[in-house]
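Here the UniProt record's numbering is used: the first residue of the sequence shown is 1, the next is one more, and so on.
The beta carbon of each residue, even a glycine, is placed where N, CA and C say it ideally should be.
Before any comments, here is the structure.
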Amino acid sequence: MLKNAQDNDYGAISYADLTAFKYLVYANGVCAAYSLFSALYVAMPRPTTLSRSWTLFFFDQASILIPICQVLINTEPFCLLHRAFQYSS
């Protein structure tokens, strides 16, 4: 369960900026919709053409790039925080 606040023995932390999480949810929805569309598009019987193959290849590559960008965007604050702790100690 995602929470915007956490308390433990070392102190408390909270955050209110959930834009990266919203992006993650929206991008996952786009990828899921594309996957469903792609599965239905491929399942329909029709002759395979070169343009159809390249179109599917292009959109498959784009659908892989979106989750990679999600991971980079969501882990960047943690990397910056880790570096800040390294330089401060």
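query	result
In the DSSP assignment, the alpha helix (DSSP H) including aspartate 60 goes from what residue to what residue?	50-88
Check for me: the beta strand (DSSP E) holding alanine 12 runs from which residue to which?	11-14
Could you name the residues that DSSP lists as bridge partners for asparagine 8?	Gly11
In angstroms, rounded to a whole number, what distance separates the CA positions of asparagine 28 and isoleucine 73?	14 Å
Excluding five sequence neighbours on each side, which residues of the same chain lie with their C-beta closer than 7 Å to the C-beta of alanine 20?	Ile73, Asn74
Give the DSSP-derived three-state secondary structure of leucine 36 in the structure shown.	helix
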